[in-house]
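>
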Amino acid sequence: MSTEAWLDVSAFSCPQCHMCYVEASWYASEIGSDVECGRCHATFNTKKNLTDRVLLRFQLDEQGKLVNVAFSSDQNRASEEQERSSGRGREF
Ligand SMILES: [Zn+2]
Numbered sequence: 001m002s003t004e005a006w007l008d009v010s011a012f013s014c015p016q017c018h019m020c021y022v023e024a025s026w027y028a029s030e031i032g033s034d035v036e037c038g039r040c041h042a043t044f045n046t047k048k049n050l051t052d053r054v055l056l057r058f059q060l061d062e063q064g065k066l067v068n069v070a071f072s073s074d075q076n077r078a079s080e081e082q083e084r085s086s087g088r089g090r091e092f
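Following my numbering, the numbering of the sequence shown begins with 1 at its first residue and continues without gaps.
Here it is, written out as structure tokens:
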């Protein structure tokens, strides 16, 4: 029996050197932590420098091993947008 799992991720970039990063959305979008750029060492806020947010869909095998990952469907992404704008929590 294979199963699926999801991960909400956010992309952001360093405002000084434009290096791109991806972190879990609970960290980058919800908490909006300050981080140090690994390339130029500038300190910046992840939430103020977001460039995208997507839901990833993982497929796992019978042993719980990850076998595939893909963008979630546009429908799931749209419902995620809707949940965020309505202020409701995520369902996963
Ligand atoms: Zn930088």
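All C-beta atoms in this analysis are idealised placements derived from N, C-alpha and C, irrespective of residue type, glycine included.
Helix, strand or coil for GLU23 per DSSP?
strand
> Thinking C-beta only, is SER10 closer than 7 Å to ALA28?
yes
> Any heavy atom of ligand 1 closer than 6 Å to the beta-carbon of GLN59?
Checking the Cβ of GLN59 against ligand 1 gives no.
> DSSP state of GLU30, grouped into three classes?
helix
> Excluding the 5 residues flanking CYS40 on each side, which residues of the same chain have their C-beta closer than 6 Å to its C-beta?
Here the set comprises GLN16, CYS17.
> Is it buried or exposed, SER25, if we count other Cβ atoms within 10 angstroms and call 16 or more buried?
buried
> How about LEU66 and TRP6: do their beta carbons lie closer than 7 Å?
no
> At the level of alpha carbons, what is the spacing between SER72 and ARG57?
5 Å
> By Cβ distance, which residues of its chain are closer than 8 Å to THR43, with the 5 residues on each side in sequence left out?
Scanning its chain for C-beta atoms nearer than 8 Å, with the 5 sequence neighbours on each side dropped, one finds around THR43 the residues ASP34, VAL35, GLU36, CYS37, in chain order.
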